[in-house]
Amino acid sequence: MISKKEKRIRLLLSIAGLVIFFGVWEMAVQMGFISSRILSPPSKVVSAFIQKLTDTKPEGATLITHFLMSFKLALSAFLAAVIIGVPLGLFMGQYKAFDRFLTPIFEIIRPIPPIAWIPIVILVAGIGMSGKVFIIFVAAFVPCVINSYLGIKLTSPVLVNVARTFGASDWQIFTKVCIPSSLNMVFTGVRNALGASWSTLVAAEMLASTGGLGYMIQMGRQLIRPDIILVGMLTIGCTGALLSWLLGLLEKKVAPWRYR
Amino acid sequence: MSENKVEVRNLTKKFGDLLVLNNASFSIKNGEFVCLVGPTGCGKTTFLNLLVKLLEPTSGEILIDGEPADPKKHNISFVFQEPSAFPWLTVEENIRSGLELKHMSAGVIKERTEEILNMLGLEKVRKSYPHELSASTEQRIVIGRSFALHPDLLLMDEPYAAMDIKVRYFLEDEVIRLWKATGSTVIFITHNIEEAVYLAERCLVMSPKPTTIKSEISIDLPRPRDISSPEFIRLREEITDMIKWW
């Protein structure tokens, strides 16, 4: 166990890191090392953030509207990827027929970066919601499948043999041994998928849209408003960190043995 | 029911042209504790995997209670050399796991689990996960999990090979207690001859590859056994001479 004092020191270090990062940035702009036309200082970003909460100028919507658009988009694509990708990866890992049937297709799709899908998606699905969901889905789907697959493949053969000598059926071995043993890998995959879906979001929204954080960032560039660009970037960053933390809490609930 | 619990007849295993196990036959009485000893690399693991049906023999048969051995039908249990507690289950859940896989009734599961936890003195750590405990405790959990089934046949593959000598004596006494309490039939593999003489009612001595059963020795010493008694030492030396290949 870590002592209270140790905990306080760790917290202080984390806060110090953030303070120094933003402090150096603020000073660099205030003292004129970097032109404030190119990079806004954090103080300006904060005031832009507060202003954007209610103000629709200059690009036409409040930060909250942009955020909700993006959040719904990224979350629905991410959830779809987890719901389809994780079971698929688990089955591919466990059952040879699945593996043989799907792995070749998967191996071809896997190296294609999600943004390379954009042109074909625009042609097929247009620039609406479904096209963007698809691109983010692809980005999140790949790590879900790979990690679930590997999680099953890395199950200790000794543990499988233990269950087999107990007379377990193949299905029992899959559900009672292979799946629990792969859970940590699955969670790592889901976490990567979350990161991938957030980072692909901006790319998907830049392809053509009328709202969302990616759109806001893009407009900030056109209007030469670095403060708005940074508000968009930091909103994505903070939300990503928050979601990742929530996922960590969920993992501790579902797979507690690794954390004791 | 015949007196013999386990009957191994002319068991032979080939991997391609390599003859690993050659026509091994022996039988084990109900509730007997048998040690298999042999030189390293004599195909013990193959032999065990055949006994629990992880491998199919090239020829020959294994009968339990007169029927071909089948993990789905018979209560077979295997304690592997490697640590094999399920890391995602607590001590208590690990001990329950075998019974649950066998779909035993809730009452039996509870009773057996408590019995084993009690005998192993693991009640205090029942909610802990294996990785929070020592390696020897993990092995004790695994052994408890196996005995909880009251197995028809329990195979133990050098379960204490990685333990230091002091812990070993303690664990060896413990395994004898569990064996007596559950009335299980045990095949215990070891290359440690002293351990074999300490534990076994009967020792089967295996030859180098292609493996066969070379001879068998009954050990009729009172328990707990005194490893420095002349009779103990004589038996130990007799077996050592048999497996000397140098």
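Residue numbers (my numbering), protein chains in the order written: chain A, 16 to 275; chain B, 3 to 248.
Cβ atoms here follow ideal geometry from the backbone N, Cα and C, with glycine treated the same way.
Note that the structure is predicted; figures quoted are calculated from it, not measured.
For this session: Kindly list the residues whose CB is nearer than 7 Å to the CB of Val61/A, restricted to its own chain and excluding five residues on each side of it in sequence; keep chain order.
Result: Around Val61/A: no qualifying Cβ.
Exercise. Is there a Cβ from chain A that is less than 9 Å from the Cβ of Asp72/B?
Worked result: yes
Exercise. How long is the line joining the alpha carbons of Leu94/A and Thr215/A, rounded to whole angstroms?
Worked result: 15 Å
Problem set entry | First and last residue of the uninterrupted beta strand (DSSP E) at Phe80/B | Ile78 to Val81
Problem set entry | CA-to-CA distance, Ile66/B to Asn120/B, given in whole angstroms | 30 Å
Problem set entry | Coarse secondary structure for Ser130/B, derived from DSSP in three states | coil
Problem set entry | Three-state secondary structure (DSSP) of Phe86/A | helix
Exercise. Got a sec: is the Cβ-Cβ distance from Trp186/A to anything in chain B below 9 Å?
Worked result: no
For this session: Give, in chain order, every residue of the stretch 124-148 of chain B whose Cβ lies closer than 7 Å to some Cβ of chain A.
Result: Tyr131 and Glu134
Problem set entry | Nearest-angstrom Cβ-Cβ length linking Glu63/B and Lys31/B, presumed shorter than 8 Å | In fact, because the Cβ distance is near 18 Å, the residues do not count as touching under 8 Å.
Exercise. So does the stretch 236-246 of chain A actually touch the stretch 62-69 of chain A, counting three or more Cβ pairs closer than 8 Å?
Worked result: yes
Exercise. Quick one: Cα of Val217/A to Cα of Leu264/A, how far?
Worked result: 26 Å
For this session: Going by DSSP, name the residue or residues bridged to Thr213/B.
Result: Note: Thr213/B sits in a beta bridge opposite Leu23/B.
Exercise. Around the C-beta of Met234/A, are 16 or more other C-beta atoms found within 10 angstroms, so that it is buried, or is it exposed?
Worked result: buried
Exercise. Can you tell me whether DSSP reads Glu160/B as helix, strand or coil?
Worked result: In the three-state DSSP reduction, Glu160/B falls in the coil class, being neither helix nor strand.
Exercise. Checking contacts by CB at 9 Å: is Val54/B closer than that to chain A?
Worked result: Yes, Val54/B lies at the interface with chain A (some Cβ there is under 9 Å from its Cβ).
Exercise. Between which two residues does the alpha helix (DSSP H) containing Cys159/A stretch?
Worked result: Met144 to Lys168
Exercise. Measuring CA to CA, which of Ile232/A, Ala96/A and Thr203/A is closest to Trp260/A?
Worked result: Thr203/A
Problem set entry | Neighbour list for Ile78/B in chain A, Cβ cutoff strictly below 7 Å | Thr180
Exercise. Counting only runs that start and end within the stretch 47-117 of chain A, where is the alpha helix (DSSP H) found for 4 or more residues in a row?
Worked result: 57-69 and 78-109
Problem set entry | 9 Å Cβ cutoff, Trp272/A in contact with chain B | So, interface residue.
Exercise. So which of Met208/B, Asn25/B and Val36/B has the shortest CA-CA distance to Trp181/B?
Worked result: Val36/B
Exercise. To the nearest whole angstrom, what separates the beta carbons of Val205/A and Val97/A, a pair I think is in contact under 8 Å?
Worked result: 6 Å
Problem set entry | Contacts around Val54/B, its chain only, beta-carbon distance under 7 Å, and the 5 residues preceding and following it disregarded | Pro73, Ile78, Phe80 and Leu157
Exercise. Smallest Cα separation from Lys191/A: which of Leu135/B, Phe88/B and Ile221/B?
Worked result: Phe88/B
Exercise. Is any beta-carbon of chain A found at less than 9 Å from that of Tyr162/B?
Worked result: For Tyr162/B, the answer is no, since every Cβ of chain A falls outside 9 Å of its Cβ.
Problem set entry | Residue ranges of each alpha helix (DSSP H) within the stretch 26-57 of chain B, 4 or longer | 46-53
For this session: Flag this pair as yes or no: are the beta carbons of Val201/A and Ser163/A separated by less than 9 Å?
Result: yes
For this session: Use the C-beta contact count for Asn12/B: other C-beta atoms within 10 angstroms, 16 or more gives buried, fewer gives exposed.
Result: exposed
Exercise. Do the stretch 76-83 of chain A and the stretch 120-129 of chain A touch if we need at least three Cβ pairs shorter than 8 Å?
Worked result: no
Exercise. Given a threshold of 16 other Cβ atoms within 10 Å of its Cβ, counted over all protein chains shown, does Lys46/B qualify as buried or as exposed?
Worked result: buried
Exercise. Taking buried to mean at least 16 other C-beta atoms within 10 Å of its own C-beta, is Leu136/B buried or exposed?
Worked result: Residue identity differs from the one stated: residue 136/B is Ser in this sequence, not Leu. Per the 10 Å Cβ criterion, exposed.
Problem set entry | Option in Phe106/A, Ala92/A and Ser91/A with minimal Cα separation from Cys193/A | Phe106/A
Exercise. Among residues of its own chain, excluding the 5 on either side of Ala163/B, which ones have a beta-carbon nearer than 7 Å to its beta-carbon?
Worked result: Gln83
Exercise. Just reading off the alpha helix (DSSP H) that Thr215/A is part of, what are its end residues?
Worked result: Ile194 to Met221
Exercise. Buried or exposed: Cys253/A, going by 16 or more other Cβ atoms within 10 Å of its Cβ?
Worked result: exposed
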